[in-house]
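Asks: One structure, as structure tokens, below. Some questions next.
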Amino acid sequence: MKQTLTDATMTAVMTRLWKEVLMTMENLLVPPLSEKPSAKKPLTRKELDVVFHWLRVLFAFFNARDEQSGEQLGVPGEVLKSPKWHDLASLNFFYFEDSHSLIRESERMASTAAQLAQQALQRQDTLQNRMSAPASFGASMGNVGAFASMGTIKRGKSIMMSRNLGTMRKAKEAKRREAQADPSDDMIMRILRMRPEATQYLKERHRQKERQAAAAAAALIVRNSVVQGWQTGLGNAATGQLGRKNLPRR
Numbered sequence: 001m002k003q004t005l006t007d008a009t010m011t012a013v014m015t016r017l018w019k020e021v022l023m024t025m026e027n028l029l030v031p032p033l034s035e036k037p038s039a040k041k042p043l044t045r046k047e048l049d050v051v052f053h054w055l056r057v058l059f060a061f062f063n064a065r066d067e068q069s070g071e072q073l074g075v076p077g078e079v080l081k082s083p084k085w086h087d088l089a090s091l092n093f094f095y096f097e098d099s100h101s102l103i104r105e106s107e108r109m110a111s112t113a114a115q116l117a118q119q120a121l122q123r124q125d126t127l128q129n130r131m132s133a134p135a136s137f138g139a140s141m142g143n144v145g146a147f148a149s150m151g152t153i154k155r156g157k158s159i160m161m162s163r164n165l166g167t168m169r170k171a172k173e174a175k176r177r178e179a180q181a182d183p184s185d186d187m188i189m190r191i192l193r194m195r196p197e198a199t200q201y202l203k204e205r206h207r208q209k210e211r212q213a214a215a216a217a218a219a220l221i222v223r224n225s226v227v228q229g230w231q232t233g234l235g236n237a238a239t240g241q242l243g244r245k246n247l248p249r250r
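The following block contains the structure:
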């Protein structure tokens, strides 16, 4: 592959194959996420050790590190250690914990996730308020001909779009780091599906997630409405300050 494909294409193909490897191993270990108990039986300690032995072997194969120089000839290690890889690592840690300990850990993670979601919402609101301020200022100065021109408005929108792109990149990177920093609550829930004594907790946690998802969706609708209101107000203000042939009114 390295002789017939470009480095970028080979990395993309191998990364996709690696994702399939991780998903296959994950399905060997735990059932899919659900609020209902599963008939799947957990692996024995020996079986679990075999699975993670092959995970280490395949990691080394995809990474293809040269033994002499130490150079990585395959997929970079930071790419292989994806959020899914970290999920499997958490499975290895929690797989044989007793159900009571897993439930307590799940409750802790749920509380932490709710706090982080609230903080993220507050940061987004603060950021949107800051980004909206220059637009409002420009609209309020519409009586000054130069500041009411369409060119100024377009430049303002271009700057805001650039800020948005930069913010999206930072948010994506932060989300990736957060996903790798702490074991997934979903993985614990999937382990608990194989524990008959955790049936009631599965139902309660599922209802809690539904409520959190509904609250997040409602907050998103409100934020989008506020942003749309700002944009509509900016457009109306600019139109009102322009006369015939898009020239500023005197």
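Numbering (the UniProt record's numbering), first residue to last: 1 to 250. All C-beta atoms in this analysis are idealised placements derived from N, C-alpha and C, irrespective of residue type, glycine included. Computed from a prediction, not measured in an experiment: that's the story for all the values here.
If contact is defined by three or more beta carbon pairs under 8 Å, each pair taking one atom from either stretch, is the stretch 52-66 in contact with the stretch 215-230?
Replies: No, the stretch 215-230 is not in contact with the stretch 52-66.
Asks: In whole angstroms, give me the CA-to-CA distance for L29 and E71.
Replies: Here residue 29 is taken as the residue at index 29 of the sequence shown, counted from 1. Here residue 71 is taken as the residue at index 71 of the sequence shown, counted from 1. About 32 Å.
Asks: Taking 8 Å as the cut-off, decide whether the C-beta atoms of E26 and L102 are in contact.
Replies: The residue labelled residue 26 in the question sits at position 26 within the sequence shown. The residue labelled residue 102 in the question sits at position 102 within the sequence shown. In this structure, L102 does not lie closer than 8 Å to E26 by Cβ.
Asks: How is R211 classed by DSSP in three states: helix, strand or coil?
Replies: On the sequence shown, residue 211 is found 211 positions in, with the first residue counted as 1. If DSSP states are grouped into helix, strand and coil, R211 belongs with the helices.
Asks: Report yes if the CB atom of P42 is closer than 8 Å to the CB atom of M194, and no otherwise.
Replies: Taking the sequence shown and counting its residues from 1, one reaches residue 42 at position 42. Taking the sequence shown and counting its residues from 1, one reaches residue 194 at position 194. Going by C-beta atoms, P42 is nearer than 8 Å to M194.
Asks: Closer than 8 Å is the cut-off here; do at least three beta carbon pairs connect the stretch 77-88 with the stretch 112-128?
Replies: Too few Cβ pairs lie closer than 8 Å, so no.
Asks: Can you tell me where the alpha helix (DSSP H) with P83 in it begins and where it stops?
Replies: Counting from one through the sequence shown, the residue named residue 83 turns up at place 83. P83 to F94 is the span of the alpha helix (DSSP H), which, as asked, contains P83.
Asks: Which whole-angstrom value describes the C-beta separation of F52 and N92, a residue pair presumed to lie in contact below a C-beta threshold of 8 Å?
Replies: Stepping through the sequence shown from its first residue, residue 52 is reached at position 52. Stepping through the sequence shown from its first residue, residue 92 is reached at position 92. Their Cβ separation, rounded to whole angstroms, is 6 Å, which keeps F52 and N92 in contact under 8 Å.
Asks: Check each candidate in V57, L5, K40 and K46 and name the one with the smallest Cα separation from L22.
Replies: Along the sequence shown, read from residue 1 onward, the residue named residue 22 stands at position 22. Of the candidates V57, L5, K40 and K46, the one whose C-alpha sits nearest the C-alpha of L22 is V57.
Asks: CB-CB under 7 Å to P40, same chain, minus the five flanking residues each way: which ones, in chain order?
Replies: The count along the sequence shown starts at 1 and reaches residue 40 at position 40. Inspection of the sequence shows that residue 40 is occupied by Lys rather than by Pro. Same-chain partners within the cutoff: P31 and M194.
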